[in-house]
Each structure stands twice: as structure tokens, then as C-alpha cells.
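For what it's worth, this note's numbering labels the leading residue of the sequence shown as 10, then goes sequentially.
The structure appears below as C-alpha cells.
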Amino acid sequence: MDTYLAHTTEYPDPNEPVELLRLYLEGRQLLRKGRVEEAIELFTQAVAEYSQCRHAHAGLGAALWQQYEKSQQLDDLGVAVQEFMRAADIGMSYRKVRYTGYLWQGLAQLEDTATIDDLFQRALRVGDNQYLVLMDYARGLAALTDPRAAELFKRAVAAQPAGNVDALAYYAEWLLDHDQQAEVAVLIEPDADVEYLHLLRGVALERMGRLKEARESYQIYAPVNALDPAPAAYRIAGSKVQAGIIFEGDNVTPLYVPCDGYDDLALVIECEARGENEGGQRAVGWTVRTRVFKGTLPSCVYVDNSGITLSCQYTSVIYQSGQFDTSCGRDPGPTTKHVRYDVWYGKAPDPTVGYCPSGSYSGDACSDSVHCTGSSTSGASNHGPMRFYSTTSDTCTTGGQYSCLTSTGQTCQNGGSDHCFYSRP
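Below, the structure is given as C-alpha cells:
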């Protein structure tokens with residue numbers, strides 16, 4: 010079976026036969042190629058034959074979701090949500106909480122508060138992925154203008170993994186949207202590491218008339234803004250302090266053409282390591298970066314890093330069949346975009362071997378506060394590829410999913426079938 014199913018979020022349930030999983034992978038490939046109608050037909054067959062299996066319903070939900078994105082018809086959204094709900098219910102019967110990214114968005118658009126409450130309260134009782142469950146529950150209620158969102162955001166902030174500030178950012182957005190800028194100015198520290206937080210802090214400070222401090226926050230945000238426009242909701246009409254900030258809807262020339270590997274990198278980090286600490290998210294980003302620059306390794310998986318530009322090479326690696334998850338139903342969050350920027354430009358070290366493309370660092374390579382003294386847009390680790398995924402077998406060293414691992418070892422010591430990527434001496 011394709012090693013894609015070894016990903017933690019995709020690992021099969023005990024009741025799922027090989028034939029179903031084969032159909033699931035085939036359907037995902039159809040969706041990658043934009044063949045949505047064929048995927049719907051295939052997954053409908055899978056649901057008919059394997060109605061008690063999570064991946065059958067999740068596959069059909071994903072296909073119907075893509076159909077909804079094209080049609081924008083609520084009927085299409087409703088049937089997509091229905092399939093994801095069935096998949097989520099089956100997952101929770103096995104103590105797994107999945108698909109909350111799709112479900113908070115879909116149920117909020119359907120204005121179904123009762124189902125959001127029922128689903129997420131049950132998910133919290135399961136105890137799996139608590140941080141994501143709290144955050145997605147809060148975002149769903151926020152989209153419905155339900156005031157209970159504030160308390161759930163606070164709980165999510167308290168549960169954030171090290172260096173992951175998504176809940177903090179979304180809570181700050183909620184506060185700004187409710188004209189509570191004074192709370193944002195207190196909530197976000199002046200030395201916050203993630204650049205997007207400084208945009209939010211700057212907006213809060215400018216609304217309060219503290220223009221000098223606002224300008225300083227905007228200056229910290231500026232480097233990442235050139236590649237990632239700010240939400241239009243935070244444009245302040247007539248502002249001179251926001252001069253130079255690019256907002257959504259502004260007429261700007263894309264930096265990366267014809268491919269958009271920069272955005273693709275954020276997407277794969279989000280889908281592979283959503284809810285992880287910053288070191289875990291860097292691990293995914295550095296895996297992609299290493300494959301882009303090094304390509305195929307001896308006795309290991311073939312890597313397609315073709316492309317006429319660096320951006321296209323990233324896209325080739327990310328969308329190579331059976332490698333990475335890019336269809337998790339989540340837009341990249343603030344933490345993911347921050348990590349993407351650091352990895353792309355080599356500003357943060359490889360969390361496995363501590364390698365910087367240029368310059369050096371001091372401290373813990375896994376720490377969200379550690380960055381390289383120099384930066385470079387080219388060059389992968391000269392120590393070889395970092396570890397991407399460890400199965401539960403003895404063929405991989407311990408350390409956990411996407412953990413910061415410093416021990417050296419083999420690259421694909423069992424022939425490459427499980428994608429165990431280790432640091433090399």
C-alpha cells in the first residue's frame with residue numbers, strides 16, 4: 010500500500026480492507042488531476058461497498074467539497090459536510106478526531122450551530138487533537154458571531170504547542186473584529202516571533218492612536234507581507250502609517266510564476282503538521298526543501314524535483330504522487346506562513362541537524378526563537394536529509410511524529426518503503 014497512508018492523519022482504521030484503501034488512493038489522484046466527477050463516481054462506489062469505513066466517506070466528502078468550490082451551491086456543500094460528518098463519527102469510534110477543518114467551515118456556512126456544538130463537544134470528550142478541536146470549534150462559532158467563541162479561543166491559546174500561535178492570532182482577529190483593540194495590544198507581546206501578529210498589533214495600536222508603536226509593528230511585519238498580502242479587513246482608510254503594506258485586492262505582480270511553490274510549501278506544512286509545535290512544522294518544511302535541492306538519494310524514494318524555476322521545483326516535489334498531504338481542508342495559518350518564510354529563505358535552522366544554508370545559529374535548533382545569522386535562497390543541508398516520518402516499527406528511531414531528532418542513522422535502511430529519513434553523518 011502506498012506509503013501516503015502511513016501519515017498519522019491518514020493511517021487506516023482496523024476495519025478498512027486493502028481494496029478500499031486502493032480505491033481511496035486512486036480517488037485522491039483523480040482529485041489532484043482535477044477529475045472531480047470521476048472521483049465522485051469512484052468514491053460513491055466505495056461508500057456503497059464499504060459504508061462503515063472512514064476513508065470511503067472522507068474521500069467522497071473531499072470530492073464533493075471540490076464540487077462545491079466550483080458550484081458554490083449550498084446543496085453541494087451540504088452533501089459534502091454529510092460525508093465528512095459520517096467519516097468523523099467513524100473516526101471518533103476509534104478514538105481519532107479528524108476532518109474538523111472541513112467541518113467547522115462547512116457547518117458555519119450552513120449556519121448549523123446545533124451540529125457544531127454536538128460534533129465538537131463529542132470531539133473534546135474523545136481527547137484527540139485537543140488544540141485543533143478547541144481552535145476549530147472557536148473559529149466555527151466566531152464565523153457564526155456566537156459570543157462563546159471568545160472563551161474557546163482562550164482555551165485554545167492555553168493549549169498551544171510551543172511556537173504555534175494560530176489560536177492567539179485568530180483570537181486577536183476576533184477581538185479586532187469586535188472593536189477590542191486594547192485587549193489585542195496587551196495580548197500580543199512587542200517581541201512576538203511570528204510576523205503576522207505584528208500586523209494585528211499594529212492595527213490595534215493605530216486604532217488607539219499610538220502611531221509610533223504601530224509603525225514599529227508594521228515594520229516587523231513588512232518582510233513577509235511582500236509575498237503574502239494582509240487581509241483587506243485590516244486596512245485603515247486614509248492611514249499614512251500603513252503606507253507600503255500590501256492588502257488583498259491590491260494590484261500587484263505575482264513574485265513566483267509560472268508556479269507558486271511558495272504558497273504550495275505553506276499548504277503542505279499546514280496539512281502535514283497542523284497543530285504541531287514550530288519545530289515540527291519546520292521539520293516538514295525542511296524535508297521538502299532538502300528534496301528540492303538534493304533530489305533522489307541512494308537506496309531511497311525517487312524524487313521528482315524538476316522545474317524551470319526554484320518555485321516550480323518545490324511544486325514538483327510537493328505534488329509528487331503519494332508523498333505529501335495537500336488536501337486537508339485548511340488554509341495555511343499564521344504559524345505555518347511564518348515557518349514557510351523561514352524555511353524558504355533559510356532563516357531558521359534545520360531542526361534535525363541544526364544546519365543553516367549560510368551563517369550559523371546558537372541555542373536549540375528546534376526553538377522558535379532561534380534563527381540563522383545569515384540567509385540564502387539556495388542550498389540544502391550538507392548533512393543529508395532530515396527525518397520526515399517514523400513508523401511505529403523498530404526500523405525507525407524513536408522521537409515521535411515530526412519531532413526534532415538529532416541522532417544519526419540510516420536513510421531508508423529497509424529499502425525506502427516507509428520513508429524514514431534520518432540525518433546522515
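For glycine and all other residues, C-beta sits at the position ideal for the given N, C-alpha and C.
Given the structure is predicted, the values throughout are model-derived calculations rather than measurements.
Is G294 near V348, with beta carbons less than 7 Å apart? Going by C-beta atoms, G294 is nearer than 7 Å to V348.
6 Å Cβ shell around P366 - same chain, five flanking residues per side excluded: Excluding residues up to 5 positions away in sequence, G355, S385, G388 lie with their Cβ nearer than 6 Å to the Cβ of P366 in the same chain.
Checking 7 Å against the spacing of the C-beta atoms, do Y140 and G284 come in under that value? The criterion of a C-beta distance shorter than 7 Å is satisfied by Y140 and G284.
Evaluate the contact criterion for the stretch 232 to 244 versus the stretch 201 to 216: three or more CB pairs, one atom per stretch, below 8 Å. Touching, yes, given that three or more Cβ pairs across the two stretches are closer than 8 Å.
For F256, which of helix, strand or coil comes out of DSSP? Look at F256 here: in three-state DSSP terms it is strand.
Any contact between the stretch 156 to 172 and the stretch 269 to 279? By contact I mean 3 or more CB pairs, one from each, below 8 Å. By the criterion of at least three beta-carbon pairs nearer than 8 Å, the stretch 156 to 172 is not in contact with the stretch 269 to 279.
Going by the beta-carbon positions, is the gap between G270 and T324 smaller than 7 Å? In contact: G270 and T324 (Cβ atoms closer than 7 Å).
Buried/exposed call for N138, threshold 16 Cβ in 10 Å: Per the 10 Å Cβ criterion, buried.
In three-state DSSP terms, what is A239? Three-state DSSP puts A239 in a strand.
Residues near Q61 by beta carbon distance below 8 Å, same chain, minus five either side: Exclusion of the five residues before and after Q61 leaves N24, I99 as the residues of its chain whose Cβ lies within less than 8 Å of its Cβ.
Are A357 and R291 closer than 7 Å when you measure CB to CB? Against a cut-off of 7 Å, the Cβ pair of R291 and A357 comes out as a contact.
Step through the CB atoms of chain B and report whether any lies within less than 7 Å of the CB of G70. Within the model displayed, chain B is absent; a lone protein chain is all it includes.
Have a look at Y33, E28, K42, P21 and flag the residue whose alpha-carbon is nearest the alpha-carbon of Q329. The shortest C-alpha separation from Q329 is found at K42.
Can you give me the C-alpha to C-alpha distance between T124 and V250, rounded to a whole angstrom? Their backbone Cα atoms lie some 43 Å apart in a straight line.
Closest by CA to R148, which one among A223, Y179, P267, A171? Ranking A223, Y179, P267, A171 by CA distance to the CA of R148 puts Y179 first.
What is the residue span of the alpha helix (DSSP H) that H66 lies within? Unbroken alpha helix (DSSP H) run through H66: 63 to 80.
Rounded C-beta distance between A67 and L29? I'm assuming under 8 Å. 11 Å between Cβ atoms; not a contact.
For Q332, does the count of other Cβ atoms within 10 angstroms reach 16, so buried, or fall short, so exposed? The residue in question, Q332, is buried, as its Cβ has 16 or more Cβ neighbours within 10 Å.
Status (buried if at least 16 other CB within 10 Å, exposed otherwise) for P156: It counts as exposed.
Count the other CB atoms within 10 Å of the CB of F129; is the residue buried (16 or more) or exposed (fewer)? Counting of Cβ neighbours within 10 angstroms places F129 among the buried residues, the total reaching 16 or more.
In chain order, what residues of the same chain lie with their CB nearer than 7 Å to the CB of A71, ignoring the 5 residues before and after it? Closer than 7 Å at the Cβ level, and outside the excluded window around A71, lie L40, S336.
Which of helix, strand or coil does DSSP assign to R219? For R219, the three-state secondary structure derived from DSSP is coil.
Less than 7 Å between C-beta atoms, sequence neighbours within five positions excluded: which residues of the same chain meet that for E287? Correct list, in chain order: A171, G172, N173, T344, V348, D377.
Three-state class that DSSP yields for G408 in the structure shown: Because the pLDDT at G408 is just 38, under 50, the model does not fix this residue reliably, and the value given afterwards should be weighed accordingly. Of the three classes helix, strand and coil, the one that applies to G408 here is coil, per DSSP.
Quick one: residues in its chain with C-beta nearer than 6 Å to the C-beta of Y111, no 5 flanking neighbours on either side, listed in chain order? So the qualifying residues of the chain are F93, G338.
Only counting the same chain, and skipping five residues up and downstream in sequence, which positions put a Cβ closer than 6 Å to that of G363? If we look at G363 and ignore the five residues flanking it on each side, its Cβ neighbours are A374.
Do P341 and A241 count as a contact pair if the criterion is CB distance below 7 Å? Between A241 and P341, the C-beta spacing is not below 7 Å.
Classify Y103 as helix, strand or coil using the three-state DSSP reduction. Three-state result, Y103: coil.
For V212, which three-state DSSP category applies? Helix at V212.
Element boundaries [alpha helix (DSSP H), containing L153]: Here L153 belongs to no alpha helix (DSSP H), and DSSP marks it neither H nor E.
Given this structure, state the Cα-to-Cα distance separating E19 from Y33, to the nearest angstrom. Distance between E19 and Y33, taken at the CA atoms: about 11 Å.
Express the C-alpha separation of T154 and R244 in angstroms, rounding to a whole number. CA-to-CA, the gap between R244 and T154 works out to about 21 Å.
Can you give me the C-alpha to C-alpha distance between R131 and K105, rounded to a whole angstrom? A straight line joining the alpha-carbon of R131 with that of K105 spans about 11 Å.
Is L143 near A168, with beta carbons less than 7 Å apart? Contact: yes.
Classification of Y146 by the beta-carbon crowding that lies within 10 angstroms, buried from 16 upward: With 16 or more Cβ atoms within 10 Å of its Cβ, Y146 is classed as buried.
Looking at the structure shown, is P23 part of a helix, part of a strand, or coil, going by DSSP? The answer is coil: DSSP assigns P23 none of H, G, I, E or B.
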